[in-house]
Every structure is written in C-alpha cells, then in structure tokens.
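As they're listed, the protein sequences go chains A and B. When the first sequence is numbered by the working numbering, its final residue is 256 and no position is left out of the sequence of numbers. When the second sequence is numbered by the working numbering, its final residue is 345 and no position is left out of the sequence of numbers. Here the structure is laid out as structure tokens; the discussion comes afterwards.
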Amino acid sequence: MNFYGVKAIYNFEMSRMRRTLMQSVLSPVISTCLYFVVFGSAIGSRMGDIDNIAYGAYIIPGLVMLSLLMQSISNASFGIYMPKFSGTIYEVLSAPVSYVEVVLGYVGAAATKSVILGLIILATARLFVDYSILHPFWMLSFLILTAVTFSLFGFIIGIWADGFEKLQIVPMMIVTPLTFLGGTFYSIDMLPEIWQTISLFNPVVYLISGFRWAFYGVSDVHIGISVGMTLLFLFACMAGIWWIFKTGYRLRT
Amino acid sequence: MQPDISVKNLNKIYEGGFQALKNINLEINRGEIFALLGPNGAGKTTMISIICGIANMTSGEVRAGGYDIIKDYRKARSTIGLVPQELNTDSFETVWNAVSFSRGLFGKAPKPAHIEKVLRDLSLWDKRNNRIMTLSGGMKRRLMIAKALSHEPRILFLDEPTAGVDVELRRDMWEMVRKLREDGVTIILTTHYIEEAEEMADRIGVIRQGEIILVEDKSQLMSKLGKKELRLQLQNKLDEVPSELKTEPVELSEDGYELIYTFDSQQEQAGVARLLRTLGDIGVDYRDLRTRESSLEDIFVGLVHEQATKG
Numbered sequence: 004m005n006f007y008g009v010k011a012i013y014n015f016e017m018s019r020m021r022r023t024l025m026q027s028v029l030s031p032v033i034s035t036c037l038y039f040v041v042f043g044s045a046i047g048s049r050m051g052d053i054d055n056i057a058y059g060a061y062i063i064p065g066l067v068m069l070s071l072l073m074q075s076i077s078n079a080s081f082g083i084y085m086p087k088f089s090g091t092i093y094e095v096l097s098a099p100v101s102y103v104e105v106v107l108g109y110v111g112a113a114a115t116k117s118v119i120l121g122l123i124i125l126a127t128a129r130l131f132v133d134y135s136i137l138h139p140f141w142m143l144s145f146l147i148l149t150a151v152t153f154s155l156f157g158f159i160i161g162i163w164a165d166g167f168e169k170l171q172i173v174p175m176m177i178v179t180p181l182t183f184l185g186g187t188f189y190s191i192d193m194l195p196e197i198w199q200t201i202s203l204f205n206p207v208v209y210l211i212s213g214f215r216w217a218f219y220g221v222s223d224v225h226i227g228i229s230v231g232m233t234l235l236f237l238f239a240c241m242a243g244i245w246w247i248f249k250t251g252y253r254l255r256t
Numbered sequence: 035m036q037p038d039i040s041v042k043n044l045n046k047i048y049e050g051g052f053q054a055l056k057n058i059n060l061e062i063n064r065g066e067i068f069a070l071l072g073p074n075g076a077g078k079t080t081m082i083s084i085i086c087g088i089a090n091m092t093s094g095e096v097r098a099g100g101y102d103i104i105k106d107y108r109k110a111r112s113t114i115g116l117v118p119q120e121l122n123t124d125s126f127e128t129v130w131n132a133v134s135f136s137r138g139l140f141g142k143a144p145k146p147a148h149i150e151k152v153l154r155d156l157s158l159w160d161k162r163n164n165r166i167m168t169l170s171g172g173m174k175r176r177l178m179i180a181k182a183l184s185h186e187p188r189i190l191f192l193d194e195p196t197a198g199v200d201v202e203l204r205r206d207m208w209e210m211v212r213k214l215r216e217d218g219v220t221i222i223l224t225t226h227y228i229e230e231a232e233e234m235a236d237r238i239g240v241i242r243q244g245e246i247i248l249v250e251d252k253s254q255l256m257s258k259l260g261k262k263e264l265r266l267q268l269q270n271k272l273d274e275v276p277s278e279l280k281t282e283p284v285e286l287s288e289d290g291y292e293l294i295y296t297f298d299s300q301q302e303q304a305g306v307a308r309l310l311r312t313l314g315d316i317g318v319d320y321r322d323l324r325t326r327e328s329s330l331e332d333i334f335v336g337l338v339h340e341q342a343t344k345g
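The following block contains the structure:
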C-alpha cells in the first residue's frame, strides 16, 4: 500500500478546496440559505405540516441531500477532470500507485469535503428553522455513505467527460431534476398514484427518504430499502471504476 | 550487468489501427546517457509513455530497473523519474508543494532536505513559495525536472528537455544532466537537436516510423553523421580533379565549374586549409565558396536509405 501516495493526492485535493473556499463552501451554503428563507420561512409558514413535521423542518434533510449530491459529484469530477485537462495526470499515471489508491485519494477528499459541507449546511439551517435529529448515528452514516457514493459517481463523470460541457451536463440535466422530484420539498404520498410509482425508479427518493427517517423517524419507503438502494448504487459505481481502470478507458491510451 | 531499461519485441498499435511502434528491441545500460533521436511522430514519446506506465503496450516485454513494468509496476515505476515534453503543471500550487506532492505520490516519506537540494540545484530555491503560474517558461521546465527528481529515481527520462529553452538555460541543463550521471543516474533523453546528442550522449538510438533503425556509440555515429561539404565555384572550367588533389576526398561537378570537398567535422580545421593552400599553389582560382552541414533530416534520410539497401 502506497500510503504516502494516497496522502499526497488527498492533501492536494483538500488544499484545492481551501483555495476555492468561496466556490466550494460559501456558494452552496448561500444557495441553501435562500431555499430556507423562501421555502422554509416565507412559503413554509403558510403550508401545513407534513407527517406532523413543520414544513420548514421537513425540507431540511432534502436540502442537505441536494447540496451533498451536487457537491460530491462536482468535487470529485473536477478533481479528476482538471489533471486530465491540464495534462498533469501523467504524474499520477506514472506513479507507483494502484487504482484503488488513486480512488481513495480523490474520492476520499471529495467525500470529506461534501460531509463537511453537509454539516455546515445543517448548522446554518439551525439559524432559520428549529429541528431535531432522532437518530444522529444513522444521520451521519447516511451522510457519509451518500457522499462516498456520489463522489465515486462524480469520479466516473470526471473520467468520462472530455470537455467542460459534459462535466456540467450530468449534474444539471440528470441529478438536479432527480433531486427536485425525489421528495426534497414534498412527501411522495402527496403525488398522484402513477407518479408515486414512477418516483420509485428515482434513486434519490431512497436517499432523501432514508435521510429524513434519520431526522424524524418518518419515511416514504422503508429504511431498510433506502440503505439497500444506496449500497446498490455504491457497488454499481465501484464496478464502473473497476472497469475504467481495467481497460484504461480515457486514461491510458 | 543487467540493463536498467530492457525493451523486448515492443509493439504499439492504436485503436484506429495505426502502428506507432514496430517490434522495438532496446537495452539501456546503467549509468549511461542514451539519446533517442527521431523526427516528429517517430514514436519517441509513445515509447517513453509505455515504459513509464502512461500508455498501454499492445505486446512485448519491458523492464525498468530490472522489474517488469506490468507485473512489478510499483517497483519498476519507483525507479523512474519522467520529465514530459509538455509543460504540464498546476497553476495554483506553490513550487515547494508541487515538488513535495510528487515525492509523496511516488511513495517516499517526506525529506525536506532532499527537496531543498533539488530546488537549489535547479535554481528554484528562491521561488519555492511562489505559485507556479508566476514562473517563466524556463522555470516551469526546471520545475518539471525537480518534480521528476523529487523521489530520487535511478532512471531519468527527459523528453525534449530543451525544446523552446534559451541557450544559457540549455547549457545549464546539460551541466545538470552530467552531474546526475556522475551520481549514477541513467538518463534517456529525446531530442531533435543533433548537437544536443553530440554534446551529451554516450550512445545514440535513431527511431523512425516506429522502428529503431540504429543504435550506436556516439563517437562512431558522429563520424558518420557529422559530414560537411565545401563547394568551390571555379573561375575556369576543369576537365578533371587536379592530380595534386587526388588523395583528398574531392569531386568535380558535372559541368566542371565546381569542386566539392566532403569532410567530417573533426578534420575540418586541417583539411580545409590544406585544400585551399594546394589550390593556390597549383593556380586554380575560385570565385566563391560555401560550406554546408548535413541537417538531421539528411542524416535520417541517409540512414534510412542505408538501412534499406542493407536489408
């Protein structure tokens, strides 16, 4: 195990975050605050409770998930895309590091950043809305599991992308809609039956539902199914990365 | 002694079917400076990329530092430092962090004293806290070398190290390469510049269209490659080469108005003076004279032609 190699990549990525504090921490925190102000305080005060939870508090898990997903993907995809773009990837490819170590470094750093960001957003939410966390252990586990899974997904996007447009397209065109339709702002019980069924094909539903369960003990789908689906997606991403390194796809010619 | 780099039957065929390397066999000895010459697109960088682990080979066997580059990739790659042709650097990191990153990546424990030495040797010490984007092109080139040396490799690849580098810096680099060799580092350098190979290398390999067409000791090759030509335009037509010049490598052009003297660079001082003196003595007047050095291109064409006629 090349411990120093993993540490070098991890530290490099973390220092990139410190350099871009405005973009990687401040901007998601501000946009989440705006959601809290608009949907939590302004509109939320006119909305009824959902599952006996005040609307402002109800949307917190979903909003944290929204940022967590977007940031995990963007951190990890940028992390591996930039060296490809600038050409510095040669050094990683020529170094005595295995692909597991490369992934540990890049994905580990991206997930760490997302988890820190998620916690900052949770703390910020406290300024606007009162909420409680019923299962703190599960909340943290879900946070970490989701951050890791979507950082892996972002890593795959970063390798697949051969231009900045492609780098943006998956988060914008796929992940954002899935998150908005994944029950951030509503319980899927509130949808017509046909849309409830369609929603079950949206992986984000399981993440948000499970995360909300950790907060309030209520969920759209059973917690076991949520955990199972998240793990399934995690393994799918791992398989994708294994294939990428095995074939050298877009890394080694 | 086993060679530091050993390449056996190496082939590289790209997806589109283009064969970049054709059955390459090459051995590079411990502690030598090996210059790989070849025109653009000959396969120099492809070969280096494969040895260093950046590109996959189609078939063959490559060892670095005695280790198979696939089965024993960790050990093989640990022995190698690579300075690629392109100036690929991060813009926002500092010089110190970038070089320390490289050392860590290659699995070595931090050793600030070594990083300091490398930066001092490359005149980058004063710039250690500067961001890379503030460096000049020449400094970036040296930074690339510092990164490659950060993990104390015993084999160093320099891919076109002096492309776009000014004369003074080029001299400094040659000096540095010699020093590294004294420390026992094996150096493989690619270049278009014949004088660079002449200045530095112990042995020279020529690659063309994916094939190694020649590997030879520098001194032997230089006598072959360093041909020069002196053309004298005569006042009066000659029917044949004057008998006094019969022993010299002199030819007469078809129209009889030009004497062509071919010599290699080692003989130039003595030979040209002697020829001109003799012409004066025997009363052959000339209007003009010009010398021409064989360009690298001529040399390649010559070598390939020679290869073809041999085969």
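All C-beta atoms, glycine included, are put in the ideal place defined by N, C-alpha and C. Since the model is a prediction, treat every value here as computed from it, not as a measurement.
Taking residue i and residue j to be in contact with their CB atoms under 8 Å, please state how far apart those CB atoms are, rounded to whole angstroms.
i	j	result
ALA132/B	ILE114/B	With a Cβ gap of about 18 Å, ALA132/B and ILE114/B do not count as contacting.
VAL41/B	VAL129/B	The pair is not a contact, with the Cβ atoms about 34 Å apart (cut-off 8 Å).
GLU245/B	ARG237/B	That pair is no contact at about 17 Å.
CYS36/A	ILE159/A	The Cβ separation is near 31 Å, so there is no contact.
PHE153/A	ILE76/A	5 Å
THR80/B	ASP193/B	Actually they are not in contact, since the Cβ atoms of THR80/B and ASP193/B sit about 11 Å apart, beyond 8 Å.
ASN270/B	ASP322/B	Going by Cβ atoms, the distance from ASN270/B to ASP322/B rounds to 14 Å, so no, they are not a contact pair.
At the level of alpha carbons, what is the spacing between residue i and residue j?
i	j	result
GLY345/B	ILE247/B	Note that GLY345/B has pLDDT 47, beneath the 50 cutoff, so the model's placement of it is unreliable and the number below is only indicative. Their backbone Cα atoms lie some 11 Å apart in a straight line.
ALA54/B	GLN199/A	56 Å
ASP54/A	THR149/A	24 Å
PRO73/B	VAL173/A	42 Å
ILE228/A	TRP245/A	25 Å
ASP102/B	ARG137/B	22 Å
ILE316/B	GLN254/B	35 Å
GLY290/B	GLU274/B	8 Å
ARG215/A	ALA60/A	10 Å
GLU278/B	ALA89/B	60 Å
ILE259/A	TYR84/A	This structure gives no information on residue 259/A, because the portion of chain A shown stretches from 4 to 256.
ALA164/A	ARG253/A	9 Å
PRO31/A	SER135/A	22 Å
GLY186/A	GLU168/A	28 Å
PHE248/A	GLN119/B	25 Å
VAL118/A	ALA128/A	15 Å
GLY324/B	THR296/B	Residue 324/B is actually Arg in this sequence, not Gly. Approximately 12 Å between the Cα atoms of the pair.
MET4/A	SER134/B	19 Å
Among the options, which has the Cα closest to the Cα of residue i?
i	options	result
SER125/B	GLY171/B, LEU153/B, GLN243/B and GLN53/B	GLY171/B
GLY111/A	MET232/A, GLY157/A and ALA242/A	GLY157/A
HIS226/B	GLY239/B, GLU216/B, ASP217/B and ASP38/B	GLY239/B
SER70/A	TYR13/A, PHE39/A and SER222/A	PHE39/A
VAL100/A	MET193/A, ILE12/A, ILE211/A and PHE204/A	ILE12/A
PRO146/B	ARG242/B, ARG165/B and SER184/B	SER184/B
LEU60/B	ILE241/B, GLY198/B and GLU216/B	ILE241/B
PHE218/A	SER18/A, ILE83/A, ARG253/A and MET68/A	MET68/A
PHE131/A	LEU234/A, TYR209/A, THR23/A and ALA45/A	ALA45/A
MET175/A	LEU72/A, GLY251/A and ASN5/A	LEU72/A
Quick check on DSSP: helix, strand or coil for residue i?
i	result
SER44/A	helix
GLU250/B	strand
ILE62/B	strand
ILE179/B	helix
VAL284/B	strand
ALA113/A	helix
VAL240/B	strand
VAL117/B	strand
ARG367/B	In the structure as shown, chain B begins at 35 and stops at 345. Residue 367/B is therefore absent and cannot be evaluated.
ASN404/B	Any property of residue 404/B remains undetermined from this structure, which presents chain B solely from 35 to 345.
LYS249/A	helix
TYR134/A	coil
GLY94/B	strand
ASP155/B	helix
ASP54/A	coil
TYR7/A	helix
GLN53/B	strand
ALA164/A	coil
PHE68/B	strand
PHE204/A	coil
Practice task
With 7 Å as the C-beta to C-beta threshold (strictly closer), list the residues of the stretch 98 to 115 of chain A near chain B in chain order.
Solution key: ALA98, PRO99 and VAL100
Practice task
Note down, in chain order, all residues in the stretch 176 to 204 of chain B with a beta-carbon under 8 Å from any beta-carbon belonging to chain A.
Solution key: LYS181
Problem - Residues, ordered as in the chain, of the stretch 225 to 237 of chain A that lie near chain B by beta-carbon distance below 7 Å - result: none
Exercise for the section: Closer than 9 Å, Cβ to Cβ, to anything on chain A: give me those residues from the stretch 57 to 78 of chain B, in chain order. Expected result: none
Exercise for the section: Could you name the residues of the stretch 145 to 173 of chain B whose beta carbon sits closer than 7 Å to any beta carbon of chain A, in the order they occur along the chain? Expected result: none
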